[in-house]
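In my numbering, the protein residues as written are 929 to 1216.
Report on one structure; see the data block that follows.
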Amino acid sequence: MSVLIPDILRAIFETAAREDGRSALNLALVSRCVRNWVEIVLYSTVRLSRQRTTNNFLRTIETSHDKPGCYFSIHVKSLSIVYDMPVDQIRRIGQICSGIQNLTTWFISTERLPLAQCLSEVGVRPKRLAAWHGVLCSPDPHLNLPFFTQLTHLTVVNIWEQWSTWPHLDSSGFTLPNLTHLSLDLTFGARVLASWEVLAITDAVLAFLDFQSLRICGLRVDQPAESPTLVAVAARLADEERVVLYRHGEPFQVREAHSDKEGKIWGALEQVVVRGSSARKGEVFFVI
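Here is the structure:
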């Protein structure tokens, strides 16, 4: 009888764990070796949607005696927080899981301390961030904090009235030195925006385009192509090839920074930008 070599065996168990998180818990019982493989997969992506789950996770990472101190800092790569988590718990998670690369915050915080500040203090520097409020608190998300310095991909789902009025956008008050991909929400239902509002939106977009590293700026819209406001926005930004107006096929889903779906959105926007004017053919926006 042939025997599978460890590398192949590990790949099989890791693939099975990624495909089905529930069965992964059973796979971890096969042997100590398999448990080590499967746990790396399980801890790579952490989703916290209620207090009980957070309490259990904190108990695990703070009282684990069979793992080295750097284990969770190395292996927790993606964190999604989709409820109003107390800031002290966010800080405790950040202290132990400081190697987070992909962060999703989908909640309105009731805390007075900016979450980005407490995460900065414990050394969290994500590369991809998707936020509906959360760390992007209003009226000032404090984008000059060290927390934001390593960002390459930023998805902002806050309403346009918030991001277009963030402080220092019209000055050199901050810079996101590594930001290459930016998505902003431009949704306003059936309203027709006044000319000064269109000016505020497009001025804010142009301020983001001053970031030298930025390659793509997507504006997610929810209006028909003939919307007077969309036409006005598109006209003012017509010469900016890095700007793409797009409609998302699943507008109400949580856009997790690490997800394959989010990756596909970025990929589609990249294709439009790379193809340039030949891809646009008079289109006001693209459906992604």
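Ideal Cβ positions, reconstructed from N, Cα and C, are used throughout, including at glycine.
Since the structure is predicted, the reported quantities are computational estimates derived from the model, not experimental observations.
Environment of residue i [buried if 16+ CB atoms lie within 10 Å]
i, result
"L976", "buried"
"D1167", "exposed"
"P1069", "buried"
"Q1181", "exposed"
"Q1199", "exposed"
"T981", "exposed"
"W1091", "buried"
"S1006", "buried"
"T1083", "buried"
"L957", "Because L957 sits at a pLDDT of 49, beneath the cut-off of 50, its placement in the model cannot be relied upon, and the point is left open."
"W1088", "buried"
"E1154", "exposed"
"S1123", "exposed"
"I1028", "buried"
Expected contact under 8 angstroms - CB spacing of residue i and residue j to nearest Å
i, j, result
"F1223", "L1158", "Since the displayed the chain opens at 929 and closes at 1216, residue 1223 lies outside it and no answer follows."
"S1111", "R1053", "With a Cβ gap of about 20 angstroms, S1111 and R1053 do not count as contacting."
"L1057", "L1031", "5 angstroms"
"V1015", "L1041", "5 angstroms"
"A1059", "V1085", "7 angstroms"
"F1076", "L1104", "6 angstroms"
"L1079", "L1107", "5 angstroms"
"V1050", "Q1017", "The pair is not a contact, with the Cβ atoms about 12 angstroms apart (cut-off 8 angstroms)."
"G1062", "W1034", "6 angstroms"
"V1120", "P1156", "5 angstroms"
"V1133", "C1145", "6 angstroms"
"T1130", "R1164", "4 angstroms"
"G1177", "V1215", "7 angstroms"
"L986", "R1020", "6 angstroms"
Collapsed DSSP secondary structure at residue i in the structure displayed
i, result
"D1016", "helix"
"H1003", "helix"
"F1035", "strand"
"A1059", "strand"
"G1117", "coil"
"T1077", "coil"
"R980", "helix"
"L957", "Unreliable placement is indicated for L957, whose pLDDT of 49 sits below 50; no coordinate value is reported for it."
"M929", "Any answer about M929 is weak, because its pLDDT of 45 lies below 50 and its placement is not dependable; what the coordinates show is given next. Of the three classes helix, strand and coil, the one that applies to M929 here is coil, per DSSP."
"N1072", "coil"
"N964", "helix"
"V969", "helix"
"L1107", "coil"
"V974", "strand"
"C1025", "coil"
"R987", "helix"
"L1134", "helix"
"L1147", "strand"
"I1087", "coil"
"S1155", "coil"
"L1097", "coil"
"L1112", "strand"
"L1082", "strand"
"S1008", "strand"
Minimum Cβ-Cβ distance from residue i to chain C less than 9 angstroms
i, result
"C1145", "No chain C is present in this structure, which holds just one protein chain."
Can you check the segment 1159 to 1214 for any beta strand (DSSP E) of at least 3 residues that lies completely inside it and give the ranges in chain order?
1171 to 1175
Please determine if the segment 1171 to 1179 and the segment 993 to 1001 are in contact, where contact requires at least 3 C-beta pairs separated by less than 8 angstroms.
no
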